[in-house]
Amino acid sequence: MPVCFYSPCFVLFSLLKGHDTPMLTTVILAAGKGTRMKSSLPKVLHPIAGKPLLKHVIDTAEQVSSHAINIVVGHGAEEVKQHVNVAENINFIVQQQQLGTGHAVQQALPYLNDSSVVLILYGDVPLIEEKTLKLLISVVDEKSLGLLTVTLKDSNGYGRIVRNESDQVIAIVEQKDASENELKIKEVNTGVMAVNALHLKEWLPLLSNNNAQGEYYLTDIIALAKSQGVNIHTEQPSHEWEVLGVNDRRQQAVLERIYQSNLAEKLLVDGVTLIDPSRFDCRGELTVGNDVIIDINCIFKGNVSIGDNVKIGANCIIENSIIAAGTEIKDHCILEGATLEENCIVGPFARLRPGSVLAEQVKIGNFVETKKVTISKRSKVNHLSYVGDATLGEDVNVGAGTITCNYDGVNKHQTIIGDNVFVG
44 MPVCFYSPCF
54 VLFSLLKGHD
64 TPMLTTVILA
74 AGKGTRMKSS
84 LPKVLHPIAG
94 KPLLKHVIDT
104 AEQVSSHAIN
114 IVVGHGAEEV
124 KQHVNVAENI
134 NFIVQQQQLG
144 TGHAVQQALP
154 YLNDSSVVLI
164 LYGDVPLIEE
174 KTLKLLISVV
184 DEKSLGLLTV
194 TLKDSNGYGR
204 IVRNESDQVI
214 AIVEQKDASE
224 NELKIKEVNT
234 GVMAVNALHL
244 KEWLPLLSNN
254 NAQGEYYLTD
264 IIALAKSQGV
274 NIHTEQPSHE
284 WEVLGVNDRR
294 QQAVLERIYQ
304 SNLAEKLLVD
314 GVTLIDPSRF
324 DCRGELTVGN
334 DVIIDINCIF
344 KGNVSIGDNV
354 KIGANCIIEN
364 SIIAAGTEIK
374 DHCILEGATL
384 EENCIVGPFA
394 RLRPGSVLAE
404 QVKIGNFVET
414 KKVTISKRSK
424 VNHLSYVGDA
434 TLGEDVNVGA
444 GTITCNYDGV
454 NKHQTIIGDN
464 VFVG
């Protein structure tokens, strides 16, 4: 499985040491073009689970209590800015040239407090876990740095971790610069490290681009650290997929499946029945109650809340909707911006558009479309109807072929149907 270690896009976290709770400053380097994606969209904006790679990394920064986030941008800088929700604690830094990972980190140095610890991650490596970062940070002090490595069966393409006779790390050698013996090493660099900011400020100006790539390698600071007696502690992630990155569409697809598989596994552990976990897809935030059954090929987008004892049939798309307990969504339904109270029945082949509000025990049948409608308790729209911009009372029965026509060419008007009305 390929791991992305050479991208110029990475994230840098600075943990400001305090007397009580440490303060974390984040710098995300997102300047890479992503040529192998063959896309006009900057690589860090390509999605996993409907969310840009960059946003996954920002979220992880927030999970480890980031105090401030500085995003270093280059290729597609304005587009990246537009896609990121600019919070009070987010700042952008423009990197004019991409001259290697060491040069990229240098752009962030003016924003680092001398007493901070800097945690470096890749912005196109979206699945690294919070606990891994906290473990790495915990080993760092003025005399030690933390380095995240991983052991691979196939280490081709990666920087090798070189150790001495005492099993201490003495260098990281990129593949193009490695000797025949070094190429046999299976322990490789993930690019993730945690290091004191003062050390970075001292070492980075000493880097040379005298190598096969003609770049300033961040990894060269390992040899500098060793020469000054700084201890190098290595840790490995709990899962190899944490350090997998995205360089092309194939790798993006691999990470998408890993993300969905991990989420499906969590839902199964929490008591949700997934008829086939390999055919489950969530592209947002999904909250699920007890004894929920989800059939195959369902897609959840945005914020979706599902109550207890809900059944969702095959091939449904549900986006930004609330589904209360006891409701059944039959096969081939689309819900967008809908609110369903308890014990409703929807479908098959129904479409609930934004603003559709169904009270308790409402039934929406096959080939029915609703929009901006409130339907009160126990009412039914069983088949072949469009009901929009309307309010229906309780115990209403709307017959087949009904359309609420309330647009006069200038304004839309409300259709009001009272309780116990039968529309033939």
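Residue numbering for the sequence shown follows this note's numbering, starting at 44 and increasing by one per position. Ideal Cβ placement from N, Cα and C applies to all residues, glycine included. None of these values were measured; they are calculated from a predicted model.
Open item on the list: Quick test of the definition: if touching needs 3 or more C-beta pairs under 8 Å, does the stretch 194–208 touch the stretch 325–343?
Closed with: no
Open item on the list: Going by C-alpha to C-alpha distance, which of Lys94, Val216, Ile91, His118 sits closest to Ala74?
Closed with: Against the sequence shown, residue 74 aligns to sequence position 31. Among Lys94, Val216, Ile91, His118, the Cα nearest to that of Ala74 belongs to His118.
- [ ] Check Lys174 in the structure and name its three-state DSSP category.
- [x] The residue you call residue 174 lines up with position 131 of the sequence shown. Lys174: helix per DSSP, three-state reduction.
Task: Helix, strand or coil at Ile339 [DSSP, three-state] - done: Here residue 339 refers to the residue found at position 296 when the sequence shown is read from its first residue. Coil, per DSSP.
Task: Helix, strand or coil at Lys86 [DSSP, three-state] - done: Numbered from its first residue, the sequence shown carries residue 86 at position 43. Lys86: helix per DSSP, three-state reduction.
Task: Beta-carbon spacing of Asn363, Gly390 below 8 Å - done: Start at 1 with the first residue of the sequence shown, and residue 363 comes out as number 320. Start at 1 with the first residue of the sequence shown, and residue 390 comes out as number 347. Contact flag unset, no.
TODO: Would you check if the distance between the CB atom of Val231 and the CB atom of Gly202 is smaller than 8 Å?
DONE: By one-based count along the sequence shown, residue 231 stands at place 188. By one-based count along the sequence shown, residue 202 stands at place 159. Cβ distance < 8 Å, so Val231 and Gly202 count as in contact.
Open item on the list: Using the Cβ count rule (16 or more neighbours within 10 Å means buried), how would you classify Ser419?
Closed with: Position 376 of the sequence shown, counted from the first residue, corresponds to residue 419. Ser419 is buried by the Cβ-count criterion.
Open item on the list: Here's the rule I'm using: 16 or more other beta-carbon atoms within 10 Å means buried, otherwise exposed. How should Ser251 be labelled?
Closed with: Counting from one through the sequence shown, the residue named residue 251 turns up at place 208. Exposed: under 16 other Cβ atoms inside 10 Å.
Task: Whole-angstrom C-beta distance between Lys219 and Gln256, which should lie under 8 Å - done: The residue labelled residue 256 in the question sits at position 213 within the sequence shown. The residue labelled residue 219 in the question sits at position 176 within the sequence shown. The Cβ separation is near 6 Å, so the contact holds.
Open item on the list: If you follow the alpha helix (DSSP H) that Ala393 is in, where does it begin and where does it stop?
Closed with: What you label residue 393 is simply residue 350 of the sequence shown in a count that begins at 1. Per DSSP, Ala393 belongs to no alpha helix (DSSP H) and is neither H nor E.
Task: Touching by the beta-carbon criterion (3+ pairs, under 8 Å), the stretch 433–441 and the stretch 452–465 - done: These segments touch.
Open item on the list: With three or more C-beta pairs closer than 8 Å as the rule, is the stretch 236–243 touching the stretch 184–194?
Closed with: yes
Open item on the list: In the DSSP output, which residue or residues are listed as bridge partners for Pro95?
Closed with: Within the sequence shown, residue 95 is the residue found at index 52, counting from 1. DSSP, once it has assigned bridges, lists Pro90 as partnering Pro95.
Open item on the list: At the level of alpha carbons, what is the spacing between Glu285 and Pro169?
Closed with: Along the sequence shown, read from residue 1 onward, the residue named residue 285 stands at position 242. Along the sequence shown, read from residue 1 onward, the residue named residue 169 stands at position 126. So the two alpha carbons sit approximately 8 Å from each other.
Open item on the list: Taking the beta carbon of Thr64 as the centre, do at least 16 other beta carbons fall within 10 Å, making it buried, or is it exposed?
Closed with: Here residue 64 corresponds to residue number 21 of the sequence shown, with the count starting at 1. Residue confidence for Thr64 is low, a pLDDT of 38 falling below 50, so the modelled location carries little weight; the figure read from the coordinates is stated next. It is exposed - the Cβ of Thr64 has fewer than 16 other Cβ atoms within 10 Å.
TODO: Using three-state DSSP, classify Asn305 as helix, strand or coil.
DONE: As a first step, residue 305 is located in the sequence shown; it is residue number 262 there, counting from the start. Residue state, collapsed to three classes: helix.
Open item on the list: Helix, strand or coil, according to DSSP, for Tyr260 in the structure here?
Closed with: The residue you call residue 260 lines up with position 217 of the sequence shown. If DSSP states are grouped into helix, strand and coil, Tyr260 belongs with coil.
Open item on the list: Please state whether the Cβ-Cβ distance between Leu401 and Glu412 is less than 8 Å.
Closed with: Locating residue 401 in the sequence shown gives position 358, where the first residue counts as 1. Locating residue 412 in the sequence shown gives position 369, where the first residue counts as 1. Contact: no.
Open item on the list: Taking 8 Å as the threshold (C-beta atoms), are Lys229 and Thr194 in contact?
Closed with: Taking the first residue of the sequence shown as position 1, residue 194 is located at position 151. Taking the first residue of the sequence shown as position 1, residue 229 is located at position 186. Yes, these two residues count as a Cβ contact at 8 Å.
Task: According to DSSP, residues forming a beta bridge with Ile361 - done: Working through the sequence shown from its first residue, we reach residue 361 at position 318. Answer by DSSP bridge pairing, in chain order: Phe343, Leu378.
Open item on the list: For a test of the three-state rule: what should DSSP assign to Val205, helix, strand or coil?
Closed with: Locating residue 205 in the sequence shown gives position 162, counting from the first residue. Three-state result, Val205: strand.
- [ ] May I have the straight-line CA-CA distance separating Val137 from Gly145, to the nearest angstrom?
- [x] By 1-based counting over the sequence shown, the position of residue 137 is 94. By 1-based counting over the sequence shown, the position of residue 145 is 102. Roughly 16 Å separates the two Cα atoms.
- [ ] Let me know if Lys406 comes out buried or exposed under the rule of 16 or more other beta-carbons within 10 Å of its beta-carbon.
- [x] Locating residue 406 in the sequence shown gives position 363, where the first residue counts as 1. Buried: at least 16 other Cβ atoms inside 10 Å.
Task: Cβ neighbours of Gly376 in the same chain (closer than 6 Å, five flanking residues each side left out) - done: For the purposes of this step, residue 376 is identified with residue 333 of the sequence shown, where counting begins at 1. Rather than Gly, the amino acid found at residue 376 in this sequence is Cys. Within the same chain, Cys376 has close Cβ partners Cys359, Val389, Gly390, Ala393.
Open item on the list: Taking the straight line between their C-alpha atoms, what separation do you get for Lys177 and Thr447?
Closed with: Here residue 177 refers to the residue found at position 134 of the sequence shown. Here residue 447 refers to the residue found at position 404 of the sequence shown. Taking the straight line from one Cα to the other gives about 57 Å.
Open item on the list: So, at 8 Å on beta carbons, what are the nonlocal neighbours of Gln457 in its own chain, with the 5 sequence-adjacent residues on each side left out?
Closed with: Mapped onto the sequence shown, residue 457 falls at position 414. Asp432, Ala433, Thr434, Asn449.
TODO: Report the three-state DSSP secondary structure of Glu105 (helix, strand or coil).
DONE: Taking the first residue of the sequence shown as position 1, residue 105 is located at position 62. It is helical.
- [ ] Using beta-carbon positions only, say whether Leu378 and Thr277 come within less than 8 Å of one another.
- [x] Here residue 378 is taken as the residue at index 335 of the sequence shown, counted from 1. Here residue 277 is taken as the residue at index 234 of the sequence shown, counted from 1. Against a cut-off of 8 Å, the Cβ pair of Thr277 and Leu378 comes out as no contact.
Task: Reduced DSSP secondary structure (H/G/I, E/B, other) of Val445 - done: One-based indexing of the sequence shown puts residue 445 at position 402. Correcting the residue identity first, residue 445 is Thr in this sequence and not Val. If DSSP states are grouped into helix, strand and coil, Thr445 belongs with coil.
TODO: Using only the heavy atoms of the ligand FMN, determine whether one of them is closer than 7 Å to the beta carbon of Asn252.
DONE: The ligand FMN is absent from the structure shown, which contains no ligands of any kind.
Task: Assumed close pair Glu299, Ala92 - CB separation to whole angstroms, cut-off 8 Å - done: Taking the first residue of the sequence shown as 1, we reach residue 299 at position 256. Taking the first residue of the sequence shown as 1, we reach residue 92 at position 49. Right, their Cβ atoms sit about 7 Å apart.
Open item on the list: Considering Cα atoms alone, identify which of Ile101, Thr103, Lys86, Glu105 is closest to Asn290.
Closed with: Working through the sequence shown from its first residue, we reach residue 290 at position 247. Per the Cα distances, Lys86.
- [ ] Measuring alpha carbon to alpha carbon, tell me which of Asn134, Asp210, Val100, Gln141 ends up nearest Ile171.
- [x] Along the sequence shown, one-based indexing puts residue 171 at 128. By alpha-carbon distance to Ile171, the top candidate from Asn134, Asp210, Val100, Gln141 is Val100.
TODO: Starting from Ile136, follow its DSSP beta bridges and name the residues at the other end.
DONE: Looking up residue 136 in the sequence shown gives position 93. Under DSSP, Ile136 forms a beta bridge with Val115.
- [ ] Ignoring anything shorter than 3 residues or poking outside the stretch 397–421, list the beta strand (DSSP E) runs there in chain order.
- [x] 406–418
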